[in-house]
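Numbering (our numbering), first residue to last: 27 to 971.
Where is the CB? At the ideal position from N, CA and C, for every residue including glycine.
Heads up: the structure comes next, in structure tokens.
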């Protein structure tokens, strides 16, 4: 006999160990009905399981378990990402906490050794946590984006793309993190709203130029008054960048400045002469309509500078300090000053010298590093780039012609929009932890006098020896060696003299590749590419990718580009986009708000299954509103199933050898067989279609509403009756239905179903194995019996109407009013006779009869096409009940009026957060529905008297 309750804390580790030991996580090698493959979006090796991981990996596991039970060779390939910045930051902090020297003092090799030590000790945390969730990955194939196999793939891709001209080195603007001194991706930039200001500066016109500037306007916006100006006003939120200004832009159709285009201003402080140019970027409706252009420190300005032929003058170093490397006119007292200190100094000087015209306080969005927390600078620097525009074309075409589809399809718009407007992809990072760029540098003679100023010759190769061979070919007749260390190279560079016969040293690029570069190769590199492996032959392209919308362009699009370029096939046939998990009010979860739901805490307290079921059933929306109470509710769903199994055991419902559900005769058994068949269809179609919410909803309705609430209730009289044949059939049917139900529910709630499978398997014929390896039920259409469905459907509807009416009319639980059918037809009369006892028991009525007309004091209702009457006179206090209903209706009316007043206020609707407005609209709909229900009940009272 089953224990009274399922104890997940004890059962889950034991069951997971059984699954791993069984070898069923690995793809089957014999008798497979096709292949199904999916690669896990590799979580950061530094990470811990958060609620987004729980959602994403639950959905993947549902797919893997379903297709495994369908008989396919399933590969769910796991792994983790080396997470360049995050991992390096963790180890640097650890070293600092232990009082050790910094990484630069340690040297590159010693620091990398420390990171690998950390990875060995702490890098497996999230993998262990995924096991707790129930993830049925093939752990024997686990990969790491820095393991040797993937490293070889990364080097080969880099070298090949470089040979094809699709990887190159260029000086462009990047998101620069002054704390980590590295370029970072847009995904690693956090936009924060901060208090700031627009400083309005008057730049003096050069060469004595003046112009007439409008200062007053009529009602039609035409200028009526002018003043003569020898300056032009610009506004900026970053005054320090003016030291790098290369021009001032005005709109080509802005009549105010038409005569100034081609003229010059004299830049305050530095005295630099810079031109006024015409460009559409300048907006005549904003501020003065004139904008300062700093091509080296603003992405939009960089574009203006390119179009206008303006120089890009870098006035910040890697630490965010003022530098004069690019332009010697920066005053020496600013050089080496931090950017924010320089800002204050420049504003002070502008005020003292009279060219500060206004300080306009504002709130504006400023980019910050998501790891460092410091303000990010657009910074002009030499980096490695991928020509993404060329690689994007096949990726666009593949989705346009349906080789890869998105679910929901609406997400294709994000994919198309990014790829059609794609920019060069910056792939180099100024870090030590990562795939070191396979490029070596040597002097390019004869351009210069020493190794410090020589333009480098670049040798791109998959390994150092190949690079050395290229260098020796280039420097024919010279001795060329690899620099053994950074110190050795620096020593050589200090001594090297142009024109001498000194040996030449080549040195590998110090930078590493963007983490997303190795991740872009994930679907095929993890399967052994560039070798031709059996896994690639069987499982590439993969079947599905399940991921989040925010990395469609960072990861999905790049995998498409790389997969098509190197494999000539899309990397996956379908992309399923999961939503974002928010709190119950629709707000983004954050530690500062205190609204974070920790999935591991939930698993500790409630078990993995309730969390997984909640994730599945709520997965159909872009914004998933989650609360602990909802998860607790679905724990009750598991408890309901467990209790149903115990009830079945107590009523001796055991599996029977050779039982054939096609032969059952009892109406309730033919009915549940059909209901189960419909549930199997619904669940299968939903999972195949990636509609996990529909699958979970179908399971919930069948288990709770059909099997537990109705079938087992309808079976009770049979279990307790004297008809032994009916009893035996119903017991066998109950056990068979439970088995099929466990199979259907297993992909979503694997632990409790596996435990029940084992426990129920202790009686009856021996199980052939674990539930995870069982065959998915595919039930024939013939199992759906129209007559049984109509018969039991009639009974279920009738009892539901009676129960609803009792609740609506506040009938005491102990009361059993009589029920009469008004002039029933022959079919209804036969059904009444067959199910009289069930109607009496389930409807809690004292008698079931028929009458030519509804009895006095009865409330009538229609069920199954027949009119029935429930006599309530003398059972309920009509006066008190009428007063109760009227009072509750008044409460609803008050609520409706209050909410309508809020929603009718334009200020509330425009200013309140969207989730607050939605909450009020939902509250209104709920109140209106409640009022309508009570009004219907009040109307029914008038039937009684």
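Check: residue i C-beta below 7 Å from any heavy atom of the ligand COA
i: residue 961; result: Absence of the ligand COA is noted for the structure shown, with no ligands found whatsoever.
Nonlocal neighbours in the same chain, by C-beta distance under 8 Å from residue i, ignoring five residues either side
i: residue 957; result: 915, 918, 919, 922
i: residue 110; result: 455, 457, 459, 460, 538, 540, 541
i: residue 692; result: 744, 752, 755, 756, 759
i: residue 587; result: 414, 417, 418, 420, 421, 546
i: residue 233; result: 289, 290
i: residue 715; result: 433
i: residue 441; result: 425, 432, 578, 579, 582, 583
Beta-carbon proximity of residue i to residue j, cut-off 8 Å
i: residue 470; j: residue 482; result: yes
i: residue 771; j: residue 183; result: no
i: residue 939; j: residue 834; result: no
i: residue 156; j: residue 83; result: yes
i: residue 531; j: residue 515; result: yes
i: residue 570; j: residue 642; result: no
i: residue 724; j: residue 705; result: yes
i: residue 386; j: residue 226; result: yes
Beta bridge counterpart(s) of residue i as assigned by DSSP
i: residue 26; result: What the structure shows of the chain is the stretch from 27 to 971, and residue 26 is not part of that stretch, so it cannot be assessed.
i: residue 196; result: 409
i: residue 63; result: 101
i: residue 394; result: 216, 401
i: residue 169; result: 105
i: residue 506; result: 530
i: residue 884; result: 897
i: residue 387; result: 223
i: residue 622; result: In DSSP, residue 622 forms no bridge with anything.
For residue i, the nearest candidate out of the options (CA to CA)
i: residue 462; options: 489, 330, 249; result: 489
i: residue 399; options: 112, 944, 868; result: 112
i: residue 603; options: 577, 626, 617; result: 577
i: residue 777; options: 882, 827, 668; result: 668
i: residue 365; options: 379, 347, 49, 51; result: 347
i: residue 80; options: 624, 671, 445; result: 624
i: residue 345; options: 764, 402, 392; result: 402
i: residue 47; options: 383, 799, 191; result: 799
i: residue 555; options: 748, 177, 139; result: 177
i: residue 877; options: 855, 891, 866; result: 855
i: residue 899; options: 837, 790, 376, 44; result: 837
i: residue 766; options: 354, 736, 710, 237; result: 710
i: residue 860; options: 736, 874, 133; result: 874
Residues of its chain near residue i, where Cβ-Cβ distance is below 6 Å and the 5 sequence neighbours each way are ignored
i: residue 251; result: 241, 242
i: residue 615; result: 609, 621, 622
i: residue 149; result: 71
i: residue 597; result: 549, 567, 585, 589
i: residue 181; result: 464, 488
i: residue 321; result: 272, 327, 328, 331, 336, 338
i: residue 216; result: 394, 396
i: residue 369; result: 265, 266
i: residue 509; result: 515, 531, 533
i: residue 9; result: No statement about residue 9 is possible, as the shown extent of the chain runs from 27 to 971 and does not include it.
i: residue 93; result: 62, 100
Residue interval of the beta strand (DSSP E) (run including residue i)
i: residue 604; result: 598-604
i: residue 239; result: 237-243
i: residue 625; result: Looking at the DSSP string, residue 625 is not in any beta strand (DSSP E); the run it does join, the alpha helix (DSSP H), is 625-632.
Span of the alpha helix (DSSP H) around residue i
i: residue 48; result: 34-48
i: residue 283; result: Here residue 283 belongs to no alpha helix (DSSP H), and DSSP marks it neither H nor E.
i: residue 331; result: 325-334
i: residue 649; result: Where residue 649 is concerned, there is no enclosing alpha helix (DSSP H), although the beta strand (DSSP E) it sits in stretches over 649-652.
i: residue 904; result: 904-929
Beta-carbon contacts of residue i that lie in its chain and below 7 Å, excluding the five residues immediately before and after
i: residue 388; result: 222, 223, 224
i: residue 90; result: 64, 100, 102, 162
i: residue 229; result: 257, 258, 260, 274, 291, 293, 294
i: residue 842; result: 870, 871, 872
i: residue 696; result: 690, 811, 814
i: residue 451; result: 411, 412, 414
i: residue 203; result: 210, 395, 398, 400, 402
i: residue 477; result: Low per-residue confidence applies at residue 477: pLDDT is 45, beneath 50, and the placement is therefore not dependable, though the value from the model is reported in the following sentence. So the qualifying residues of the chain are 469, 519, 522.
Within-8 Å CB hit, residue i to chain D
i: residue 888; result: The structure shown has no chain D; it contains just one protein chain.
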